[in-house]
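Number of protein chains: 2
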Amino acid sequence: MSRDAALAELQALLGPRLSRSAGDLADHGRNETWFAPMPPDAVAFPETTAEVSALVAICARHGLPVIGWGTGTSLEGHAIALHGGVSADFSRMNRVIEVRPGDLQAVVQPGLTREGLNTELRATGLMFPIDPGANASLGGMAATRASGTTAVRYGTMRDNVMALEVVLADGRVIRTGSGARKSASGYDLTGLFVGSEGTLGLITELTLKLHGQPEAITAAVCAFDTFEAAVDTVMATIQMGIPMARIEFVDETTAAIFNAQNGTRLPEKPHLMVEFHGSATSAAEDAQRFGEVVADMGGAHFDWATTVEDRNRLWKMRHGAYPACIASRPGCMGLVTDICVPMSQLAKAVAETRADIAASGLPGPILGHVGDGNFHAILLVERGNDDELKTAKALARRMAERALGLGGTMTGEHGVGMGKKDLMAMEHGEAWEVMARIKRALDPDGILNPGKLVEVAQ
Amino acid sequence: MSRDAALAELQALLGPRLSRSAGDLADHGRNETWFAPMPPDAVAFPETTAEVSALVAICARHGLPVIGWGTGTSLEGHAIALHGGVSADFSRMNRVIEVRPGDLQAVVQPGLTREGLNTELRATGLMFPIDPGANASLGGMAATRASGTTAVRYGTMRDNVMALEVVLADGRVIRTGSGARKSASGYDLTGLFVGSEGTLGLITELTLKLHGQPEAITAAVCAFDTFEAAVDTVMATIQMGIPMARIEFVDETTAAIFNAQNGTRLPEKPHLMVEFHGSATSAAEDAQRFGEVVADMGGAHFDWATTVEDRNRLWKMRHGAYPACIASRPGCMGLVTDICVPMSQLAKAVAETRADIAASGLPGPILGHVGDGNFHAILLVERGNDDELKTAKALARRMAERALGLGGTMTGEHGVGMGKKDLMAMEHGEAWEVMARIKRALDPDGILNPGKLVEVAQ
Ligand SMILES: Cc1cc2nc3c(=O)[nH]c(=O)nc-3n(C[C@H](O)[C@H](O)[C@H](O)COP(=O)(O)OP(=O)(O)OC[C@H]3O[C@@H](n4cnc5c(N)ncnc54)[C@H](O)[C@@H]3O)c2cc1C
Ligand SMILES: Cc1cc2nc3c(=O)[nH]c(=O)nc-3n(C[C@H](O)[C@H](O)[C@H](O)COP(=O)(O)OP(=O)(O)OC[C@H]3O[C@@H](n4cnc5c(N)ncnc54)[C@H](O)[C@@H]3O)c2cc1C
């Protein structure tokens, strides 16, 4: 590898849009969790697919790593520069290229954020529903196969990315998928790139599925004496086929943290936060049937968020849970777990996790997208306290083992990155080696986000 | 390759379940369309994953092709033995392994048919909705990424296969996916094998998503003076967000064929056949709103299929369309096209196709799953008439070009097989070569269903 020659060529290509400033390097070496910063050698701010293609071709020639960068909110050190190289920051490729209302589709650049897209869609009556809380980039969300609060109704990025433009490891540009709602035309390359965490190609354009803004929305929060009752409510609601747009669980610790941070007066009990989308009639019917289930399960303190303001406040609080948890223990950082299990195993998974956390002595509020069987414990570790970090890592590993033992996955939505690579063999067995074979076939020199997700001999 | 040595080893492995009878060879060399029969050298009837694994390992050692066989209903010569080899017939691996009502999942063997599964599910209140008309095997449906009449509501096999067990080209067995509703754990191998047409591995077990049997079902058929009015009705229904479970289009030619074959008295006009699933309230509301759209668009002869018998008759007629079309021209065979376009381009795609067929002089009834933008022309070609076959192939090619020009795909659901391989470069450009790289990475010696879907140097 000749780093300096590569950087000189990149500089010639991008001029001032190749930065080696200390600030930019530090910014693109940081991560949301406990990994030590790992800055790249340079940060590129491409503006076109052609520039991304040229950039990758230069890096390929010199064997310099290229790491995609959306907004840097991923939680497993996905975007840090483990082996140095160039961070390709997509923030200048953030346009809506086209909205096609008749097809319920939008074509966008990867640096556009989900809130940015929804702002542009407001007048169209359409929306892009996937909501990971953070205002992440759509390219980053595709790359991590993100989901969040609305996946129970609208699916994940897997279900909402229809087509991609991708720059391959040698700089070639391909298109995957089409504007058709379905296709049986060969291997599902779109699906392969979604969730590949920048290790197989760089996404330079996405065609996304849009959905109609619901005619009516109702939301509510309700408390339960036990988390079992809350989980049983979720199960019963699903079994009855009541279509929820969101159904979020927070435990009593999280409820207490909400009260402290937001001045709310939630009972310090397990809660469900729900939302229904539909026609005026169907949303009301769904909400009413859900109310009956809650009553059957002994739920109480049922509060409807009837106004838009109430509803926004509710979801703002839910989306603020992660920083609120961090703030609840001064000087701490969060190690966020992310297991997802079959619905029938959810109560067991939560119960065992609660007991395990309690025994560890670490604070670990639990919350999650329980309509999918997905929940997080946010393990709050004192910064610099190696013992606590070790305890937290051991807890996280046991949670992953538990999820696999119950037929689930160790990551429902956050992905693998660096943080969960050592769990991949346990989850996938020989299938992990198949992933490595695909990696080698598409990126033989290993320049795309090396060291993440798969293990290939360098 | 030492064919005889391989067959001797396979005989030792499977005993009488390796057949070289003329009947079995002929059966597994036939196809549903115009390709000349291409029988395999032998037909294997494995009963366990271990046997499939051993079978593939033997074939790998000797370089003998292995071609999966479900029920042989695929329409592009997918399962015929282009280069000889062993047809692995899954009909003896047809058990439901487990139904998990609490998780809305079933684990099945690949040879089970969709009707077989639904029969076993009847008492559970659950169903597997994907419905390609033919009573295909679930392994074959996964391998072709099948869909059919209900995809507009329930998605395709892409959306309803959660996990797989797969025997790789060297005989190793892997598992992909899990019982969790979502996962961000590495490359989406499940999605990669779905639609890979037996060219990357043999599916020996599937975990499928189930859905609740709807509380209420309403169905209807209605006629329009022009196909444009029918298509506009579909568009408007989608835009209003009325959730259809099925919305099928048949043109006036198909309506006339139905009358001749079934003794019905449909007006010889374009029709829509629709179905709504939901609670009693919501299905009624949906049907009523749809009725208003139809009236607005000048639709008439609106017939509700209120009883179960009426409904079954309706869908039996629709599912019988293909044989009915064939029967309508004695001595003919069908060349079935399968384009899928963005909704906004559907009217244009149908109009141009109608004109093109009319100019060709060939009979070519049109029908399709228009809620997805997917439709078929069934080009009726006299057997042995090379001129007609040439005309039909040219028509089919122009349809594919038209679909691509309109932003769609040349196959919405039937797949590539042999029949559409020469269109792959046109649809995918360099991405087709990426598919070939994946093929080589997973099947370096090219023993799995060689000659289909991808092009690799042998
Ligand atoms: C408070 C908080 C809450 C969160 N809640 C959720 C949640 O509920 N659900 C959820 O799924 N996630 C959640 N996340 C995680 C995070 O928001 C997601 O992983 C998100 O998808 C990351 O997007 P990003 O733009 O920040 O990507 P980055 O962090 O910048 O990058 C993520 C990965 O994608 C790659 N990448 C980025 N852009 C491209 C591109 N154009 N082409 C190829 N590769 C690219 C990077 O190399 C990296 O590997 C949360 C994070 C925070 C901080
Ligand atoms: C009248 C009629 C109507 C149809 N309508 C539709 C429709 O509406 N929608 C639709 O999608 N299709 C339709 N089809 C096509 C066909 O039913 C589908 O392609 C179906 O999925 C094929 O399933 P099969 O079991 O018959 O597979 P086969 O034809 O036996 O095999 C299909 C392909 O899958 C491979 N395969 C089979 N089993 C396995 C396995 N276990 N592991 C790996 N590979 C395997 C084979 O090698 C082959 O490449 C129709 C066909 C007919 C005849």
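Taken in sequence, the protein lines are chains H and C.
Numbering-wise, my numbering puts 557 at position 21 of the first sequence, and it's gapless, one number per residue.
Numbering-wise, my numbering puts 938 at position 402 of the second sequence, and it's gapless, one number per residue.
Note that beta-carbon positions come from the ideal geometry of N, C-alpha and C, so glycine has one too.
The model shown is predicted, which means the values in this text are computed figures rather than measured ones.
Nearest Cα to residue 935(C) within the set 583(C), 951(C), 873(C): 873(C).
In terms of Cα proximity to residue 868(C), the closest of 644(C), 916(C), 980(C), 967(C) is 916(C). With its beta carbon less than 8 Å from one in chain H, residue 876(C) belongs to the interface. For residue 605(C), the enclosing beta strand (DSSP E) has its first and last residue at 602 to 605. Among the CB atoms of chain C, one or more fall inside 8 Å of the CB of residue 910(H). Remark: C-beta atoms of residue 574(H) and residue 617(H) approach each other more closely than 8 Å.
Taken from the Cβ of residue 654(C), every heavy atom of ligand 2 lies 7 Å or farther away.
For residue 879(C), the distance from the CB to the nearest heavy atom of ligand 2 is not below 7 Å.
If you draw a straight line from the Cα of residue 742(C) to the Cα of residue 730(C), it comes to about 10 Å. Distance from the C-beta of residue 962(H) to the nearest heavy atom of ligand 1 is not below 7 Å. Under the Cβ distance rule, residue 711(H) counts among the residues neighbouring chain C, one pair being separated by less than 8 Å. One finds 722, 723, 725 in chain C with Cβ atoms closer than 8 Å to the Cβ of residue 971(H), taken in chain order. The beta-carbon of residue 984(C) is placed no less than 8 Å from the nearest beta-carbon of chain H. According to DSSP, residue pairing for residue 905(H) in a beta bridge involves 910(H). At a cut-off of 7 Å, the beta-carbon of residue 590(H) does not count as near ligand 1: no heavy atom of the ligand is closer than that. At a cut-off of 8 Å between beta-carbon atoms, residue 854(H) makes no contact with chain C. Listed in chain order, the non-local C-beta contacts of residue 686(C) below 7 Å within the same chain comprise 665, 666, 667, 781, 782, local neighbours out to five positions each way being set aside.
In the DSSP assignment, residue 745(H) is bridged to 641(H). DSSP, read as helix, strand or coil, puts residue 569(H) in coil. What residue 554(H) touches in chain C, judged by beta-carbon distance under 9 Å, is nothing: the nearest beta carbon there is about 27 Å away. Per the coordinates, the alpha-carbon of residue 938(C) lies some 25 Å from the alpha-carbon of residue 918(C). A direct Cα-to-Cα measurement between residue 794(C) and residue 855(C) gives close to 11 Å.
Annotation: residue 634(H) to residue 595(C) spans about 50 Å, alpha carbon to alpha carbon. Annotation: residue 674(C) has no Cβ neighbours in chain H at a cutoff of 8 Å; minimum Cβ distance is about 16 Å.
Secondary structure at residue 771(H): helix, using DSSP grouped into helix, strand and coil.
Shown here for residue 813(H): same chain residues with a beta carbon closer than 6 Å to its own, the five before and five after excluded, namely 750, 753, 781 in chain order. Of the residues assessed, residue 538(C) falls on the exposed side of the cut-off, its CB having fewer than 16 other CB atoms within 10 angstroms. For residue 555(H), the three-state secondary structure derived from DSSP is strand.
If you ignore the 5 residues before and after residue 771(C), its C-beta comes within less than 7 Å of the C-beta of 879, all in its own chain and listed in chain order.
The way I'd put it, the stretch 763 to 779 of chain H does touch the stretch 900 to 915 of chain H; three or more beta-carbon pairs between them come closer than 8 Å.
Inside the stretch 898 to 972 of chain C, DSSP marks whole alpha helix (DSSP H) runs of 4 or more residues at positions 922 to 941, 960 to 964, from first to last along the chain. The nearest non-hydrogen atom of ligand 1 is 7 Å or more from the C-beta of residue 968(C). Between residue 671(H) and residue 650(H), the CB-CB gap stays under 8 Å. Residue contact check for residue 623(C) against chain H: no CB pair falls below 8 Å. C-alpha of residue 673(H) to C-alpha of residue 607(H): approximately 6 Å in a straight line. Looking at 638(C), 744(C), 833(C), the one whose alpha-carbon comes closest to that of residue 777(H) is 638(C).
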